[in-house]
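Since the structure comes first, as structure tokens, the remarks are kept for the end.
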Amino acid sequence: MTLKVEVGKKGYIIIPKDIRDLLGIKEGDKLILNVYDGKIILEPERKVDINEILKRLEEHHAKISSYAKSAKLGDLLYSSLEEEFNDFS
Numbered sequence: 001m002t003l004k005v006e007v008g009k010k011g012y013i014i015i016p017k018d019i020r021d022l023l024g025i026k027e028g029d030k031l032i033l034n035v036y037d038g039k040i041i042l043e044p045e046r047k048v049d050i051n052e053i054l055k056r057l058e059e060h061h062a063k064i065s066s067y068a069k070s071a072k073l074g075d076l077l078y079s080s081l082e083e084e085f086n087d088f089s
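Numbering (this note's numbering), first residue to last: 1 to 89.
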């Protein structure tokens, strides 16, 4: 998506509402401004909720732990990939 915006007094620009809505940018949010290869890149600053990350890691660990407990060395010795994929046809 390409839009043209005008630079106002003191260098202000207005980010159009459609773009703000698309990116979830709200009043008071912080943006990161980078200059790269002669271009200005604005990105929303994303805050990381460490508790949410830990919760998701624990859920993922529980999920993969159940697989690891049920699988044993040699379980797939006489299986072939073709047989595995035939179940999906």
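Every residue gets a Cβ at the ideal spot worked out from N, C-alpha and C, and that includes glycine.
None of the values given here were measured: they were computed from a predicted structure.
In the DSSP assignment, Lys39 falls within the unbroken beta strand (DSSP E) covering Lys39 to Pro44.
In this structure, Leu31 is the residue among Lys47, Val48, Arg46 and Leu31 with its C-alpha nearest to the C-alpha of Ile40.
Assigned with DSSP and collapsed to three states, Leu33 falls in strand. A direct Cα-Cα distance of roughly 14 Å separates Lys17 from Pro44. Taking the Cα positions, Val5 is about 7 Å away from Ile14. Of the residues Arg46, Gly38 and Asp37, the one whose Cα lies closest to the Cα of Gly28 is Arg46. With contacts defined as CB atoms closer than 8 Å, Leu42 and Leu33 qualify as a contacting pair.
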